[in-house]
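Here the protein sequences line up with chains F, G, C, E and W, keeping their order. So the mapping is simple: my numbering equals the position in the first sequence, first residue as 1, plus 152. So the mapping is simple: my numbering equals the position in the second sequence, first residue as 1, plus 250. So the mapping is simple: my numbering equals the position in the third sequence, first residue as 1, plus 125. So the mapping is simple: my numbering equals the position in the fourth sequence, first residue as 1, plus 517. So the mapping is simple: my numbering equals the position in the fifth sequence, first residue as 1, plus 139.
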Amino acid sequence: MEQIIANGLYLGAQYALIALGLTLIFSLMNVLNFAHGQMYVLGGFVTYTIVAQFGLPFIVGLFASAIVLAVVGALIEKFLFAPVIRKSKREESTMLLAAGIAFFLDAVILLVFGEKQRGVPKIVNGVLNWDFRIIMPYDRILIGVLAIAMIAGFILFMQYTKAGRAMRALAQDRMAAELMGVDVKRYSMIGFALGAMLAGLVGGLLVTITGINLGMGGPTSIKAFMMIMIGGAGVISGAIAGGFILGMMESIGLTVLAAYGDITYLVIFASLMVFLAIRPQGLMGKPWG
Amino acid sequence: MSPILQVKGVTKRFGGLTANNDISFDVAEGEILSVIGPNGAGKSTLFKLIASFLKTTSGEVLFRGQRISNLAPHKVARMGVVRTFQETTIFRSMTVRENIIVAHHLRSKASLLGFFLGTSQARADEAEFGASADDIIDFLGMSAIRDELASNLPQGHLRALGMAIGLATNPTVLLLDEPFAGMNHDETMRMVSLVRRLRDERGVTVLLVEHDMPAVMKISDRIVVINFGEKIAEGTPAEIQSNEKVIEAYLGSEDAAIGM
Amino acid sequence: ENPVLKIGFVGVTSGPAAAWGISNQRSMETRAAWLNELGGYEIDGQKYDIQIVAFDDQKDPKRAIAGMEKMAQEGIHYVVGPNVDDGAAAVRPVAEQNGIMYFPYAFPKELYTAPASNAVLGMVANYQSGPAIYKHLMENEGVQKVAFVAANESDPLSQRDGGVEAAKALGLEVVSDSVTYQVDTTDFTPVLLPVIQTQPDLLVLSGVSPANAPQLIRSARELGYEGLISTETAQDATVLQEGAGELANGFISVGGASTPELASDAMREFVDRYTKMFGEYNDESNTKVYALEYILETIKANPAAMTDVEAFKTTMDTFEAPNPYMVGDAKLTYVGTSSFGQKRQVSVPLVVNVFKDGAFETLFVAQVD
Amino acid sequence: MKAKLLGLGAFLITVFVIVPWLIAISGRWDFYYTLTSVALLSIASAGVWLTFYIGRINIGQGAYALAGGYVSAILITKAGFSFWATLPLAGLFCAGLSVLIGLPILRLRGVYFAMVTLVLTEVGRLSALALPVTNGAKGITSIPLPGEVSVFGLTLIPDFATLENPKLAFYLVAVLLMVICYAALYRIVNSRLGHLCRSLQQNEELSASIGVNTAYLRVLAYSISSFFGGIAGAMFVAISQSIYPSSFQVADSVNFMLNCFLGGLGYVFGPMLGTLMLYFGWDLLFTTGRFQLLIYSSLLILLMLFLPNGVLSLFERKGVRK
Amino acid sequence: MTQMLNFKDVELYYDHVYALKGVSIELNEGETVALIGANGAGKSSILRAITGLRPIHAGEIHYMGDRLDGMSAAEIVRKGIAMVPEGRRVFPYMSVKDNLLMGAFTRTDKADIQRTLESVLERFPRLKERYGQQAGTLSGGEQQMMVIGRALMAKPRLLLLDEPSLGIAPKLVQDIARAIVAISRDEGVSVLLVEQNSRMALSISNRAYAMSTGSVALSGNSKDLMGDDRIKAAYLGGDL
Ligand SMILES: Nc1ncnc2c1ncn2[C@@H]1O[C@H](COP(=O)(O)OP(=O)(O)OP(=O)(O)O)[C@@H](O)[C@H]1O
Ligand SMILES: Nc1ncnc2c1ncn2[C@@H]1O[C@H](COP(=O)(O)OP(=O)(O)OP(=O)(O)O)[C@@H](O)[C@H]1O
Ligand SMILES: [Mg+2]
Ligand SMILES: [Mg+2]
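Pasting the structure below:
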């Protein structure tokens with residue numbers, strides 16, 4: 153039982169961090185960023201390159217991932233999403249753009265980093281074994297703690313800084329925010345960059361544990377979609393809740409349903425659909441979903 | 251004469267908040283009845299309950315003696331009880347005329363399959379809707395904006411369009427939520443006389459929520475006042491205007507310095 | 126200028142499963158460039174330049190059909206691929222209608238059993254390697270209890286079912302065979318927890334992709350599992366080293382011909398050329414060097430086969446040529462009679478490897494008939 | 518009206534006469550399958566477009582294509598049905614299934630609906646893997662080609678197995694289906710049904726207030742959409758003579774949606790054009806080798822940048838009125 | 140009196156609808172100017188043009204010696220112009236406090252912001268009671284007060300109000316009208332007020348412009364206009 157909870161927490165922390173970036177971008181621009189998973193993969197490869205290829209410390213790689221992805225995010229927002237949103241009649245059109253960007257990043261990642269699975273050496277060795285009730289390698293604990301710290305940092309940033317407040321305002325009413333003197337173009341870009349940066353950071357964190365390969369992008373996006381759906385799209389607390397809930401569901405489901413094997417995920421997915429049918433806005437969703 | 255609409259002890263709670271508390275009143279056929287009250291008093295909620303867009307917590311609404319609360323909203327509309335919205339609610343990317351034509355849905359005699367196949371009944375329906383839409387446009391004096399995209403209209407025209415949509419359904423009882431908001435005096439008075447004509451010429455019973463007191467006093471046969479979800483007064487405009495409770499809660503006393 | 130002989134490749138070279146097709150395509154391209162550099166490949170006294178025509182099917186069976194149509198359009202009669210079961214099954218009608226022999230890396234027996242006759246299994250199937258491995262481990266390591274895990278996808282699940290059957294036939298006790306995982310799993314601890322609790326002696330990762338293998342191994346070891354771990358698919362040493370480090374030591378997988386004990390000079394040169402051409406070798410390619418070699422050698426043996434697959438089929442029954450990639454007097458022949466009732470499989474050595482400190486060591490070598 | 522009829526005639530002549538003729542003289546026989554795919558995928562996309570038309574982003578069409586495929590495959594292999602009988606049955610089965618699924622999930626809007634349908638595709642795949650009737654991971658293979666249909670000894674459709682050129686036959690059937698589906702779609706959009714769908718797309722509450730049974734209409738549109746998905750899936754099974762849980766997956770569902778965007782959500786024929794461009798585009802870029810995906814995605818992004826309202830918006834008129 | 144705002148020969152259109160066909164209005168420091176007119180006359184468009192929410196297609200907008208047209212909304216706000224838009228536009232999921240603080244977004248002096256905050260809360264005691272509540276759950280009247288307060292948080296020199304009485308109960312409209320008078324009197328803020336309640340607007344303003352379909356039909360002293368027959372007929376009505 154303890155093990156299940158520990159696994160769920162660890163999974164939940166990393167999931168929540170992924171979902172946060174996605175939900176931030178969604179709330180600011182109403183864009184469902186299909187390329188989020190690819191950004192995560194890119195982050196992983198950047199850290200891999202810095203750490204495994206250049207032999208620099210892990211923390212440098214992590215920072216590099218954050219910076220590279222923030223820049224990529226900013227550029228994508230400024231030159232792609234902003235003009236398309238301005239010109240298109242229905243905001244869903246950005247989905248095609250997002251999908252195009254996802255394909256594009258896939259192609260770039262394949263050409264630059266190759267098709268192989270990559271990983272960096274463990275950053276901490278050893279395994280915590282509490283009487284066989286909880287078995288958890290130290291590096292996982294470290295990554296989990298780092299992820300939670302980042303989530304906390306992000307919440308504090310959004311809640312108490314001027315930029316955070318500006319972004320929240322922007323998400324709720326663009327025009328009103330503009331009238332408050334918020335440079336909406338700039339803050340949209342910052343928000344997108346921040347979202348991309350979060351994706352990159354998770355990629356960088358996880359490359360030490362799960363490694364990274366080009367195929368992880370698409371499924372990661374889908375998982376992230378599920379999380380923000382559970383919690384409520386565009387809501388920060390919802391993304392965090394969704395991440396932890398999905399983490400727990402996987403952890404519990406895989407254990408409880410192990411005997412039935414093939415249907416674990418079928419059950420998880422189906423119960424998700426039932427949940428949403430009952431609660432169309434997710435847990436903490438706002439009516440504007 | 252038995253009332254066309256009876257609101258019987260209607261209560262609505264949202265979580266801990268009681269938006270409507272045990273409200274009862276009757277509406278006679280062909281009457282124009284206004285519901286007034288401070289912001290957040292529960293007027294729009296009451297309308298939504300009558301049109302069955304919300305489910306009542308307790309109590310019921312009867313239309314011609316038949317219970318209509320908690321039915322599906324389209325069924326209530328079909329019976330002839332139609333609401334317009336407080337927010338300017340229209341079909342944004344249709345033209346004014348298209349908006350009104352679509353709103354004729356209830357009058358179609360042909361089935362959806364019939365429309366799909368283009369039967370003669372369907373074509374007759376279409377022609378009739380077009381003609382009727384033009385009628386309504388003329389009636390409301392909107393011919394200048396007939397083919398304008400609804401999303402381009404200013405506030406005032408949106409209200410008029412909202413009402414046109416309501417009219418197109420050929421209602422027996424029409425619920426208008428703040429139809430005069432955002433209109434100046436001149437326009438308001440035109441709308442007032444339109445609503446009157448609607449009642450006089452088409453026999454429509456009208457319920458309305460409005461904050462424009464001059465208009466309310468002019469148009470209403472009777473007024474119901476709600477405060478904090480409770481009915482605090484009911485009567486003719488003259489009675490309401492001099493009701494101390496209403497003045498205190500809602501009307502305020504005249505102040506020449508600000509022209510009111 | 127030599128005339129050109131086009132050989133096709135239809136497989137997945139982009140997206141999540143890109144690794145499978147890319148290692149495939151690259152090994153073909155390496156070999157073709159090599160042959161062309163030598164002045165072309167001689168068939169019936171005429172030298173041909175070998176050209177590889179590749180089509181990315183994105184792991185979509187519908188695209189795979191389009192790819193096969195493209196091959197037919199290009200006048201190609203020999204195609205390597207597709208990489209997965211559904212694609213291999215989907216292209217069958219096209220291949221048969223257009224007279225194309227194809228060499229899938231997919232295991233469904235119907236593809237190779239009559240009335241089907243145009244598909245040739247390009248590697249050792251798991252239902253052939255599995256029993257050999259289990260038997261070896263039973264006899265040498267005293268394995269009694271086996272557990273299986275597989276990704277929740279067609280190919281791995283089929284392979285798991287095959288493995289379970291084989292293990293039972295050998296008299297092994299299967300303690301867990303129902304646990305599956307999504308390919309995008311990022312943490313395998315919850316997946317493996319119930320499996321490890323059944324305390325198997327051998328943990329089989331059925332049809333595991335090179336991306337998932339290191340994580341699974343790592344999670345199992347971190348959970349305190351001390352038994353053996355094996356798979357019937359080919360793996361890449363670098364990937365294992367990076368992803369699991371020394372935890373991967375002792376991991377048993379199926380390899381090709383590049384293990385030092387077996388590799389001939391030609392194999393080593395192949396690896397060199399591959400590395401030069403594409404920057405990095407992929408050990409998975411070991412199992413994928415053969416298909417092209419078989420096609421060319423068979424055509425050489427019967428030049429009529431160049432345009433006529435029926436001639437190819439007849440030749441297959443008696444075909445034999447030296448295996449350039451292996452030391453000793455290994456032969457290229459077609460096998461499969463016992464599995465499919467006809468010779469529709471290339472004969473490659475069944476090399477079983479053990480991972481040790483960043484490289485594979487040969488555990489044993491067997492043959493498939 | 519006249520222009521429309523002319524356009525229709527030109528289109529029919531193009532797809533039924535000119536295309537086969539061009540293929541015959543150019544010898545590009547591979548285009549038959551490409552165009553057959555385009556026709557079938559555009560039918561599925563048309564379904565997705567219809568759900569867009571009621572204001573729902575549908576990323577779940579793959580699930581219905583898969584279900585349709587399985588229905589056809591199972592009926593043929595296990596119950597001995599003729600393929601031609603299974604084709605409408607597959608569509609009807611999907612329509613029925615979509616009513617069950619649609620009733621609860623169509624209450625969702627915006628991204629919530631989109632994401633639930635995305636999950637639905639995955640549920641489809643996992644169900645196909647888990648159910649016994651679908652033969653699980655092993656799929657259903659060696660499905661016979663469509664057989665003969667005859668009435669009183671008169672052969673209406675020949676047995677495909679005996680045909681010299683089944684490619685052409687599949688092409689003609691697929692295109693015929695496409696023409697029928699788009700004709701139906703066109704009628705839907707341009708009849709009152711379409712206007713009501715549009716009202717739903719723009720404001721469901723208001724729609725209900727004018728007496729539209731929104732729940733019914735939503736389910737109706739969704740089931741028509743799923744019907745399209747089902748028959749497209751069944752046709753593919755006939756061509757590949759096999760089906761696996763992965764025959765239609767998330768990527769397909771996403772592509773169906775992209776086809777609609779690319780062509781333009783505001784145009785009935787948008788999904789057809791979008792499918793042609795996306796599918797054919799990938800095929801044509803096959804010569805660019807390892808840069809295929811890079812070029813393809815770059816083109817996609819550029820198209821979106823310059824024509825965010827779909828390719829067909831190119832032909833729209835603009836102007837300022839005083 | 141110094142001129143503060145000069146809105147000269149401005150033309151503006153949306154997709155293909157002309158909203159302003161050469162409109163000129165002026166506003167002096169300390170003045171309250173009312174804009175009245177029929178629906179769709181272009182009143183809101185004038186405010187949108189001033190704050191840069193909509194680009195203008197001809198004409199010029201000058202404010203205290205700067206040219207506003209071409210500037211972004213954010214820059215214009217920094218110049219001391221605050222607007223209360225049509226339909227309130229609160230940030231519904233932020234607390235009253237955060238909404239108010241958003242109003243001071245362009246300001247940096249924390250102590251000074253705090254002082255303004257206190258004065259706003261003093262002016263609208265209701266907001267103090269609801270300080271931590273989510274703005275979306277406020278009643279219509281409270282929301283209206285909050286957005287006026289929010290605009291004041293920017294310490295503007297020019298305040299633009301678009302139909303502050305829309306959908307507000309009569310008693311609250313009176314409160315709002317009094318607040319506007321007080322703001323202009325106490326803080327010397329100039330006000331440009333768009334109103335449908337013409338009687339109220341004319342009573343509390345110094346000057347007024349009456350608009351009809353994209354141009355100015357009448358302008359002048361509010362007192363005079365109140366007596367003007369044309370105004371009476373069109374906007375005030377005889378029968379109250
Ligand atoms: N869906 C809902 N959930 C929770 N509370 C609600 C909901 N709808 C309305 N309320 C609350 O019920 C109360 C009554 O609201 P209602 O909209 O009926 O007021 P109103 O009288 O129409 O006010 P106004 O004149 O400002 O339009 C308000 O406090 C409002 O916040
Ligand atoms: N976003 C828009 N797109 C297209 N046309 C618009 C838009 N906003 C306003 N218009 C048009 O511009 C004209 C002026 O509109 P504006 O909002 O300025 O009027 P207004 O005087 O404020 O009216 P009201 O009192 O009804 O709010 C109207 O004819 C309207 O149709
Ligand atoms: Mg209301
Ligand atoms: Mg206005």
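C-beta: ideal position from N, C-alpha, C; glycine also. Keep in mind it's a predicted model, so treat the numbers as computed, not measured.
Quick check: is any heavy atom of ligand 3 less than 8 angstroms from the C-beta of residue i?
| i | result |
| --- | --- |
| W:SER304 | no |
| F:SER423 | no |
Going by other Cβ atoms of all chains shown within 10 Å of its Cβ, with 16 needed for buried, is residue i buried or exposed?
| i | result |
| --- | --- |
| C:GLU409 | buried |
| C:MET402 | exposed |
| E:LEU684 | The identity of residue 684 of chain E in the sequence shown is Lys, whereas the question assumes Leu. By the 10 Å Cβ count, E:LYS684 comes out buried. |
| G:GLY265 | exposed |
| F:ILE211 | exposed |
| G:VAL459 | buried |
| W:LEU379 | Note that W:LEU379 has pLDDT 34, beneath the 50 cutoff, so the model's placement of it is unreliable and the number below is only indicative. Looking at its Cβ environment, which holds fewer than 16 other Cβ atoms inside 10 Å, W:LEU379 is exposed. |
Along the alpha helix (DSSP H) that carries residue i, what are the first and last residues, could you check?
| i | result |
| --- | --- |
| E:GLY627 | 627-647 |
| C:GLY224 | Run containing C:GLY224: none; DSSP gives neither H nor E here. |
| G:GLU451 | 435-452 |
| E:PRO788 | 787-792 |
| C:PRO315 | 314-322 |
| G:LEU425 | First-last for G:LEU425: 423-427, but that is the beta strand (DSSP E), not the alpha helix (DSSP H). |
| F:LEU197 | With the sequence shown as reference, residue 197 of chain F is identified as Phe, and Leu is not the correct amino acid for it. Run containing F:PHE197: 188-200, per the alpha helix (DSSP H) assignment. |
| E:PHE765 | Note, E:PHE765: premise wrong, no alpha helix (DSSP H); not H, not E. |
| C:PHE403 | 390-403 |
State the start and end residues of the unbroken beta strand (DSSP E) segment that holds residue i.
| i | result |
| --- | --- |
| W:GLY198 | 197-202 |
| G:THR268 | 267-277 |
| C:LYS172 | 171-181 |
| F:MET332 | Here F:MET332 belongs to no beta strand (DSSP E), and DSSP marks it neither H nor E. |
| G:GLU484 | 480-485 |
Inspect the beta-carbon positions of residue i and residue j and report whether they are closer than 9 angstroms.
| i | j | result |
| --- | --- | --- |
| W:SER354 | W:GLY161 | yes |
| E:PRO788 | E:VAL565 | yes |
| F:GLN166 | C:THR310 | no |
Give the residues of chain D in contact with residue i, contact being defined as C-beta atoms less than 8 angstroms apart.
| i | result |
| --- | --- |
| C:SER139 | The chain inventory of the structure shown lacks chain D, comprising the protein chains F, G, C, E and W. |
What I want to know is whether the C-beta of residue i ends up closer than 8 angstroms to one or more non-hydrogen atoms of ligand 1.
| i | result |
| --- | --- |
| W:THR276 | yes |
Taking 8 angstroms as the cut-off, does the CB of residue i come closer than this to any heavy atom belonging to ligand 4?
| i | result |
| --- | --- |
| W:SER183 | yes |
Let me check you understand the geometry: is the CB of residue i closer than 8 angstroms to at least one non-hydrogen atom of ligand 2?
| i | result |
| --- | --- |
| G:PRO404 | yes |
List the residues that DSSP assigns as beta-bridge partners of residue i.
| i | result |
| --- | --- |
| W:ASP205 | W:TYR202 |
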